[in-house]
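If you're matching positions, the sequence shown starts at 1 in my numbering and goes up one per residue. Built from N, CA and C at the ideal position, the CB exists for glycine as well. Everything numeric in this text was worked out from a predicted model, so none of it was measured.
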Amino acid sequence: METVIEKSSATSHQVIKESFPVTGMTCAACASSVESMISHTPGVKKASVNFATNSVLVEYEDSITQETLRQAVQSIGYDLIVGEDDPSAKQQELQQRHYQDVKKRTIWSALLTLPVFIIGMFFMEWTEGRWISLALTIPILFWFGRTFFINAFKQARHGKANMDTLVALSTGIAFIYSLFNTLFPEFWHSRGIHPHVYYEAAVVIITFISLGKLLEEKAKSNTSSAIKKLMGLQPKTLKALIDGEEVEIPISSVQVGYTIIVRPGEKIPVDGEVIGGESFVDESMITGEPIAVSKAKGDKVFAGTINQKSSFQFRAEKVGGETLLSQIIKMVQEAQGSKAPVQKLVDKIAGIFVPIVMGISIITFITWMIVGGDDAFTHALLTSVAVLVIACPCALGLATPTAIMVGVGKGAEHNILIKDAESLELAHKVNAVILDKTGTITEGRPVVTDMIWGTSESNVDRSMQILLGLEAVSEHPLAEAVVSKLKADNIQPAEVKAFESITGRGASAVSGEVLYLVGNRKLIDEHNISISLPLSQAAGRLQQDAKTVIYFANEEQVLAVLAIADQVKVSSRQAIQTLQDRGVEVYMLTGDNHQTAAAVAEQVGLQHFKAEVMPSDKADFVKALQARGKVVAMVGDGINDSHALAQADVSIAMGKGSDIAMDVAKMTLITSDLMSIPKALNLSSKTVMGIRQNLFWAFIYNLIGIPVAAGVLYPFNGFLLDPMIAGAAMAFSSVSVVANSLRLKASKI
């Protein structure tokens with residue numbers, strides 16, 4: 001919980017800016033209600049609910065208390081967590097408890113629904129069965145399914161209707177009608193009508209939709225895992241030099257100016273500047289680049305990055321919320337919450353559909369009471385109930401989830417893991433795709449691509465053995481690529497001695513009384529070592545291809561030139577071309593230098609690219625495209641991509657990337673094949689088409705069935721739709737929806 005205190009210019013009161021966790025929110029309407037309630041509380045300047053993180057940022061005068069804010073929220077059925085030492089932990093505990101509660105209710109609903117369904121379908125004339133069904137239906141509706149009625153009541157208080165309203169209305173009417181027919185069957189018998197009951201329809205609706213809510217809650221309970229993992233990158237304690245002594249202190253106690261010691265393999269706890277020692281630091285979380293960066297006195301280091309080789313000391317310059325890692329965490333949180341949650345299509349439809357159905361039912365009842373003659377009440381009751389039963393939301397409720405379920409399964413078959421239904425529904429609209437370079441377009445690890453020797457063939461094998469012996473004891477990150485290449489060629493290392501690492505240049509060692517060097521051009525020039533024209537030209541060509549060139553030499557001449565690069569994936573060019581053929585604009589963003597970025601862009605046929613970008617630059621680029629009206633998909637694999645992934649409309653992580661990127665992203669590609677991206681867009685198109693077809697099937701029965709249920713055919717042929725037939729029609733519409741969704745399984749993406 002972050003608190004900022006400001007002095008109000010208009011009054012003598014101080015304005016406090018504080019974030020509080022909110023519990024009990026289940027939809028966008030809930031978030032809107034909480035925001036509205038707090039905003040209208042006297043003394044509150046502004047309130048902004050972040051539905052993604054279940055929190056509210058409030059600006060309020062010190063004349064009101066946190067308890068006042070809490071009471072305002074509690075008055076509409078939600079709660080605010082105040083006065084806790086660790087409010088986030090408390091919120092997670094309550095979320096987990098709520099998920100377990102929903103899980104328990106769903107399981108019990110399903111267990112009790114089964115016998116009711118069997119009795120209703122196969123033993124409908126069994127008199128005792130009605131009483132058994134009644135006894136089992138009461139706890140399902142009014143205990144395990146009570147949230148539907150509570151939420152419907154909340155919506156009604158705000159003059160709104162959604163899926164919960166439709167569920168509560170249809171199940172409530174079906175139950176009341178069935179209860180009346182169970183208690184007073186003679187009312188119908190005396191009028192020559194057989195009284196049917198609809199307990200099974202009511203409980204099946206509750207159970208099916210409870211299952212959907214359970215899946216939704218499970219997804220919601222995992223939304224903060226990305227933030228937790230980002231926070232986990234910062235160690236809880238650190239080693240600092242205080243009065244000349246090494247002391248382990250909590251990270252919360254560190255202050256600017258402290259001297260901090262970092263050993264090999266440890267995470268750097270805060271941002272600072274190196275004041276002693278040298279090492280290589282893995283900064284891929286910031287830059288995305290796989291090659292560790294050399295750090296010496298005067299160089300900057302950042303929280304969350306990993307020290308690889310040697311111990312060093314640095315002076316703390318930014319601590320707490322000021323570190324780059326903390327800024328990334330904050331940006332991810334804000335990006336997740338900045339997207340207004342898209343209200344589900346079914347909720348939008350239900351908002352219009354519910355009042356219309358209720359209106360038709362009431363008009364039907366009134367009309368029959370006026371023109372029904374001797375049996376006016378009987379006809380009025382039967383027809384109005386039939387209207388409500390045939391408008392049952394089962395097919396409507398199944399329309400989206402069944403198509404999504406099949407779409408998610410189809411995606412999994414093609415190595416596309418989809419965590420969020422909204423992204424699957426939105427992906428077909430994508431018209432701009434941003435690709436990270438390292439690990440997305442490229443393999444994400446440095447490899448030796450060229451090895452050009454200037455010595456005679458008879459000496460090459462011996463030279464390779466010496467090179468392997470020298471690089472095998474080197475700590476330089478690029479040495480690993482050379483070692484891997486030579487070992488793959490079955491080269492055995494020669495014994496070397498007097499090894500010396502030369503910072504920023506390379507390394508040297510002695511073999512057979514001869515000094516050998518491996519490193520960059522500066523090292524060669526400093527030792528006045530000659531290089532043949534063919535090798536010099538080869539090095540120039542390799543550098544033009546944006547490859548890192550390494551020279552291997554003895555005391556007299558350069559023996560070989562090696563090129564190291566992060567290779568482009570085989571499928572990258574084809575995937576980018578396929579996306580461009582769809583009319584999608586494709587962009588590449590990278591933290592690497594301009595020359596390397598240009599070379600990779602040319603290799604894969606990309607027109608648009610941007611180099612030397614920081615994590616926040618990537619997210620800003622996403623925002624800029626969105627401001628132009630683009631629906632943006634971001635594809636990345638690193639922590640440095642997490643902010644942009646959270647900001648994008650559709651976020652896709654590479655399966656071999658960081659856990660945090662996969663947590664933030666709504667889709668994960670298990671394979672490294674970029675052809676999965678156009679497949680994901682095709683899958684979205686087919687799934688959305690399936691949803692629309694399902695909604696058509698869900699409504700066609702209502703468009704035909706509701707007028708028939710209301711009795712429009714009665715004046716012509718005396719036909720009145722029995723509520724039992726209405727229930728069967730409703731069931732058939734559900735079967736049509738499920739069958740249509742299953743067609744997606746056989747389609748090609």
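Contact between the region 261-274 and the region 304-311 is established, with three or more Cβ pairs separated by less than 8 Å. Assigned with DSSP and collapsed to three states, Trp453 falls in strand. The Cβ atoms of Ala598 and Met588 do not sit closer than 7 Å to each other. With distances taken between CA atoms, Pro615 lies nearest to Asn640 out of Val604, Asn640, Val49. A straight line joining the alpha-carbon of Val204 with that of Thr113 spans about 6 Å. When only Cα atoms are considered, Ile118 and Trp368 end up about 34 Å apart. Look at Leu69 here: in three-state DSSP terms it is helix. About 6 Å separates the Cβ atoms of Ile434 and Val622, confirming a contact at the 8 Å cut-off.
Inclusion of Ile677 and Met667 in the CB contact set at 7 Å is not warranted, their separation being larger than that value. With contacts defined by Cβ atoms closer than 7 Å, Val357 and Ala391 form a contacting pair. Thr259: member of the beta strand (DSSP E) spanning 259-262, first to last residue. Buried is the label assigned to Val584, since at least 16 other Cβ atoms lie within 10 Å of its Cβ. Shown here, Phe123 sits in coil according to DSSP, grouped into three states, outside any helix or strand. Counting only residues of its own chain and dropping the five nearest sequence neighbours on each side, Val319 has a CB closer than 7 Å to the CB of Val254, Gln255, Val256, Val270.
Gly705 has its alpha-carbon roughly 12 Å from the corresponding atom of Ser384. The region 694-703 makes contact with the region 731-746, as at least three CB pairs between them are under 8 Å.
Secondary structure note for Thr668: its beta strand (DSSP E) is the uninterrupted segment 667-669. Per DSSP, reduced to three states, the secondary structure at Glu278 is coil, with no helix or strand assignment. In this structure, Ile550 keeps its C-beta atom at 7 Å or more from the C-beta atom of Leu533. DSSP places Pro477 within a helical segment (H, G or I) once states are collapsed to three. Take the alpha-carbon of Ala403 and the one of Leu742: they are about 8 Å apart.
In the three-state scheme derived from DSSP, where H, G and I count as helix and E and B as strand, Arg315 is classed as strand. If you ignore the 5 residues before and after Ser109, its C-beta comes within less than 8 Å of the C-beta of Ile140, Phe144, Gly145, Val203, Ile206, Thr207, Ser210, all in its own chain and listed in chain order.
Look at Ser501 here: in three-state DSSP terms it is strand. Taking a contact as a CB-CB distance under 8 Å, the pair Met689 and Gly439 does not count as one, their CB atoms being some 33 Å apart. Contiguous alpha helix (DSSP H) elements confined to the region 144-203 occur at 146-157, 163-183, 186-189, taking only those with 4 or more residues. Secondary structure note for Leu535: its alpha helix (DSSP H) is the uninterrupted segment 533-544.
Residue state for Gly129 is assigned as helix, using DSSP reduced to three classes. DSSP places Leu721 in the coil class of the three-state scheme, outside both helix and strand. Thr65 and Leu417 have their C-alpha atoms some 46 Å from each other.
Taking 7 Å as the cut-off, the beta carbon of Val482 is found no closer than this to the beta carbon of Val430. Sixteen is the threshold: when 16 or more other Cβ atoms of the shown chains lie within 10 Å of the Cβ of Glu35, as they do, the residue is buried. The bridge partners DSSP lists for Tyr99 come to none. Cα atoms of Ala240 and Gln313: separation of roughly 9 Å, rounded to the nearest angstrom.
In this chain, the alpha helix (DSSP H) harbouring Val604 covers 594-604.
Within the DSSP secondary-structure output, Met588 pairs in a beta bridge with Leu435, Phe609.
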